[in-house]
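Chemist: Residue numbers (our numbering): 1 to 481.
Don't be surprised by glycine CBs; every beta carbon is placed ideally from N, CA and C.
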Ligand SMILES: [Zn+2]
């Protein structure tokens with residue numbers, strides 16, 4: 001099979017849960033992890049006679065996402081019914097948007113070529129819709145259970161152009177999209193909790209060919225790496241078909257992550273004729289130009305801009321900047337530390353090193369991390385001002401991680417403040433010389449190689465509080481004098 005002669009063409013449809021407190025068309029909670037069917041009401045249970053009322057916050061968040069992706073937000077968009085029958089869809093349709101979506105024509109930068117030119121992926125459209133419920137097949141023997149907590153949860157669907165040419169590019173697109181949605185606080189983008197779902201359209205064509213090949217839709221992927229593996233598997237399957245002189249059939253494929261294969265969906269899992277028509281229970285969504293513009297103005301600094309500013313303002317390496325801007329919370333944490341301490345380079349070393357290692361080891365997020373940026377800055381300043389040694393700083397940091405106490409307090413209590421005064425150091429030096437008569441005699445007679453041993457003994461006696469440079473100087477002066 002000559003995979004190299006072929007090129008992969010991928011477009012992605014990403015469903016993102018908008019971070020609202022309540023559902024899209026009723027006041028039920030969107031809280032994840034509630035007992036089944038607790039977050040429901042007559043509207044999202046689709047009892048007869050109920051009417052949907054649009055959640056304004058869902059609109060605001062979707063518009064923010066649209067702006068962040070460079071889309072044009074439409075002053076008028078229209079809700080439509082997407083009809084299909086499924087046990088976890090009580091209304092028998094989903095409220096979505098169809099031929100008049102909320103926003104169109106955006107783009108997302110996913111990286112750059114070797115020559116520095118950007119690689120971008122076009123965004124075809126972004127629209128609002130509601131989620132369906134959930135069928136649970138594996139909890140009870142021989143029955144499928146239905147949980148309608150997700151029924152009516154607000155989503156935005158972001159549809160890309162078929163601009164990606166490899167599984168890696170699709171992965172880069174998803175990571176860039178996730179980052180933008182996090183930076184703008186539009187979604188929690190958590191694939192495990194179902195707040196981000198990805199379907200892929202993939203086709204294969206001979207390199208140099210400009211027409212698109214027949215595509216298939218790949219579903220059932222539950223991680224970004226799963227998407228990459230599924231795309232590669234489906235691409236290779238299609239190349240096998242084409243190379244054998246066959247034709248790719250337009251169909252839905254399901255990814256089986258455990259076995260690492262794609263298989264055709266059974267017909268009932270395959271694409272439907274949704275018979276879209278305008279939603280009669282909701283008027284068109286009308287947004288004023290001023291309000292749309294206000295939303296654009298209120299966007300926070302986006303990942304690319306923040307990366308560029310970190311390089312410019314703090315003179316950090318591209319690798320450090322990539323790590324530090326990987327999430328808003330980390331970027332904020334770093335920036336607050338750097339500003340409070342005044343030395344961005346040292347702050348970057350500590351945040352990308354000690355802080356991330358500690359957060360990872362604790363298996364939590366930076367949000368729950370007990371060491372506040374101002375306290376970390378305080379610790380770094382103690383080191384810079386010679387008040388604690390680097391070794392002591394790591395011990396103090398360890399204690400801060402446990403107790404959240406300020407560093408100076410810990411240093412004081414644990415006796416880790418460096419003793420700068422010559423009086424105290426001189427006493428320790430004298431004691432050490434007296435306790436090691438043989439080494440002292442040889443050192444004072446000019447055996448310089450014993451200096452290290454004696455400095456070590458003084459440091460030990462001072463329990464790390466002595467400034468080692470000063471100990472060195474005082475001992476040296478004794479030897480030569
Ligand atoms: Zn409800």
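(1) Ordered along the chain, which non-local residues of its own chain (more than five positions away) have a Cβ less than 6 Å from that of residue 39?
(2) Let me know if residue 31 comes out buried or exposed under the rule of 16 or more other beta-carbons within 10 Å of its beta-carbon.
(3) On a CA-only basis, which of 369, 368, 415, 225 is nearest residue 387? Give me that one, please.
(4) Use the C-beta contact count for residue 334: other C-beta atoms within 10 angstroms, 16 or more gives buried, fewer gives exposed.
(5) Locate the beta strand (DSSP E) running through residue 11, then write down its first and last residues.
(6) Compute the Euclidean distance between the alpha carbons of residue 232 and residue 12, then round it to the nearest angstrom.
(7) From the DSSP secondary-structure annotation, give me the bridge partner or partners of residue 277.
(8) Does any heavy atom of ligand 1 sit closer than 6 Å to the C-beta of residue 38?
(9) Output yes or no for whether 7 Å exceeds the beta carbon distance between residue 18 and residue 58.
(10) Let me make sure I understand the geometry here. Which of 397, 421, 424 has the alpha-carbon closest to that of residue 411?
(11) Roughly how many whole angstroms lie between the Cα atoms of residue 378 and residue 421?
(12) Put residue 43 into one of helix, strand or coil per three-state DSSP.
(13) Could you name the residues whose beta carbon sits closer than 5 Å to any heavy atom belonging to ligand 1, keeping them in chain order?
(14) Which full runs of the beta strand (DSSP E) of 3+ residues lie inside the stretch 129-167, going along the chain?
(15) Please identify the residue among 98, 312, 176 whose C-alpha is closest to the C-alpha of residue 112.
(16) Given that a residue counts as buried once 16 or more other Cβ atoms are within 10 Å of its Cβ, and exposed if not, what is residue 76?
(17) Taking the beta carbon of residue 341 as the centre, do at least 16 other beta carbons fall within 10 Å, making it buried, or is it exposed?
(18) Round the Cβ separation of residue 483 and residue 359 to the nearest angstrom and send it over; I've been treating them as touching at under 8 Å.
(19) Pairing CB atoms from the stretch 68-83 with CB atoms from the stretch 278-292, are three or more of them under 8 Å?
(20) Tell me the DSSP secondary structure of residue 383 in three-state form.
(21) So, for residue 204: in the same chain, excluding its five sequence neighbours on each side, which residues have a beta-carbon less than 8 Å away from its beta-carbon?
(22) Contact between the stretch 162-181 and the stretch 39-54 is defined here as three or more beta-carbon pairs at a separation below 8 Å; is this criterion met?
(23) Counting Cβ pairs, one atom from each stretch, are 3 or more of them under 8 Å apart for the stretch 50-57 and the stretch 195-211?
(24) Measuring alpha carbon to alpha carbon, tell me which residue in 188, 184, 253 is nearest residue 216.
(25) Could you tell me the distance, in whole angstroms, from the CA atom of residue 417 to the CA atom of residue 375?
(26) Check this for me: beta carbons of residue 156 and residue 56, under 7 Å apart or not?
(27) Going by beta carbon distance, what residues of the same chain come within less than 7 Å of residue 390, once the five residues before and after it are set aside?
(28) Which parts of the stretch 352-378 are runs of the alpha helix (DSSP H), unbroken and 4 residues or longer, counting only runs that do not cross its ends?
(29) Please identify the residue among 455, 450, 99, 145 whose C-alpha is closest to the C-alpha of residue 274.
(30) For residue 419, does the three-state DSSP call read helix, strand or coil?
(31) Going by C-alpha distance, which of 108, 477, 433, 436 is nearest residue 126?
(32) How is residue 67 classed by DSSP in three states: helix, strand or coil?
(33) Taking 7 Å as the cut-off, decide whether the C-beta atoms of residue 500 and residue 123 are in contact.
(34) On the DSSP bridge assignment, give the partners of residue 255 in chain order.
(35) For residue 354, which option in 315, 143, 400 has the closest C-alpha, if you only look at C-alpha atoms?
(36) Buried or exposed for residue 94, please, with buried defined as at least 16 other CB atoms from any protein chain shown within 10 angstroms of its CB.
Modeler: So, from the data block:
(1) On the chain shown, residue 39 is found 39 positions in, with the first residue counted as 1. Apart from the 5 residues on each side of it in sequence, residue 39 sits with its Cβ closer than 6 Å to the Cβ of 28, 29, 149 in its chain, given in chain order.
(2) On the chain shown, residue 31 is found 31 positions in, with the first residue counted as 1. Counting the other CB atoms within 10 Å of its CB gives residue 31 a total below 16, which places it among the exposed residues.
(3) Counting from 1 along the chain shown, the entry for residue 387 is found at position 387. Out of 369, 368, 415, 225, 415 has the C-alpha closest to the C-alpha of residue 387.
(4) Position 334 of the chain shown holds residue 334. Buried, by the Cβ-count rule.
(5) As a working note, residue 11 is residue 11 in the chain shown. That run of the beta strand (DSSP E) goes 6-17.
(6) Start at 1 with the first residue of the chain shown, and residue 232 comes out as number 232. Start at 1 with the first residue of the chain shown, and residue 12 comes out as number 12. Between residue 232 and residue 12, the C-alpha separation is close to 14 Å.
(7) Numbered from its first residue, the chain shown carries residue 277 at position 277. As a beta-bridge residue in DSSP terms, residue 277 pairs with 81.
(8) Walking along the chain shown from the start, residue 38 turns up at place 38. No - ligand 1 has no heavy atom lying nearer than 6 Å to the Cβ of residue 38.
(9) On the chain shown, position 18 is the one that residue 18 refers to. On the chain shown, position 58 is the one that residue 58 refers to. In contact: residue 18 and residue 58 (Cβ atoms closer than 7 Å).
(10) As a working note, residue 411 is residue 411 in the chain shown. When each option's Cα is compared against that of residue 411, the closest is 397.
(11) Counting from one through the chain shown, the residue named residue 378 turns up at place 378. Counting from one through the chain shown, the residue named residue 421 turns up at place 421. Going from the Cα of residue 378 to the Cα of residue 421 covers about 22 Å.
(12) As a working note, residue 43 is residue 43 in the chain shown. If DSSP states are grouped into helix, strand and coil, residue 43 belongs with coil.
(13) Taking each Cβ in turn, the ones that pass are 26, 28, 41, 43, 44.
(14) Within the stretch 129-167, the complete beta strand (DSSP E) runs of at least 3 residues are 134-136, 145-147, 154-160.
(15) The residue you call residue 112 lines up with position 112 of the chain shown. If we check each option's Cα against that of residue 112, 176 comes out closest.
(16) The residue you call residue 76 lines up with position 76 of the chain shown. Result: exposed.
(17) Indexing the chain shown from 1 puts residue 341 at position 341. With 16 or more neighbouring CB atoms inside 10 Å of its own CB, residue 341 falls in the buried class.
(18) The question about residue 483 has no answer here: the residues shown for the chain are numbered 1 through 481.
(19) A contact exists between the stretch 68-83 and the stretch 278-292.
(20) Along the chain shown, read from residue 1 onward, the residue named residue 383 stands at position 383. DSSP places residue 383 in helix when its eight states are reduced to three.
(21) Sequence index remark: in the chain shown, residue 204 carries index 204 (1-based). Here the set comprises 6, 7, 8, 9, 213, 235, 238, 239, 242, 248.
(22) Not touching, per the Cβ criterion.
(23) Cβ pair count under 8 Å is below three, so no.
(24) By one-based count along the chain shown, residue 216 stands at place 216. Of the residues 188, 184, 253, the one whose Cα lies closest to the Cα of residue 216 is 253.
(25) The residue given as residue 417 occupies position 417 in the chain shown. The residue given as residue 375 occupies position 375 in the chain shown. Taking the straight line from one Cα to the other gives about 16 Å.
(26) On the chain shown, residue 156 is found 156 positions in, with the first residue counted as 1. On the chain shown, residue 56 is found 56 positions in, with the first residue counted as 1. Note that the C-beta distance between residue 156 and residue 56 is not below 7 Å.
(27) Your numbering for residue 390 matches position 390 in the chain shown. Residues of the same chain with a CB within less than 7 Å of the CB of residue 390, apart from the 5 flanking positions on each side, are 383 in chain order.
(28) Here the runs fully enclosed are 356-362.
(29) By 1-based counting over the chain shown, the position of residue 274 is 274. Nearest neighbour of residue 274 by Cα position, chosen from 455, 450, 99, 145, turns out to be 99.
(30) Counted from its first residue, the chain shown places residue 419 at position 419. If DSSP states are grouped into helix, strand and coil, residue 419 belongs with the strands.
(31) Taking the chain shown and counting its residues from 1, the one referred to as residue 126 is at position 126. Nearest of 108, 477, 433, 436 to residue 126, Cα basis: 108.
(32) In the chain shown, the residue the question calls residue 67 occupies position 67. Residue state, collapsed to three classes: helix.
(33) Outside the shown range of the chain (1 to 481) lies residue 500, about which nothing can therefore be said.
(34) In the chain shown, residue 255 corresponds to position 255, counting from 1. Answer is 262, bridged to residue 255.
(35) By one-based count along the chain shown, residue 354 stands at place 354. Among 315, 143, 400, the Cα nearest to that of residue 354 is on 400.
(36) Position 94 of the chain shown, counting from 1, holds the residue named residue 94. Classification of residue 94: buried, given that the 10 Å Cβ count is 16 or more.
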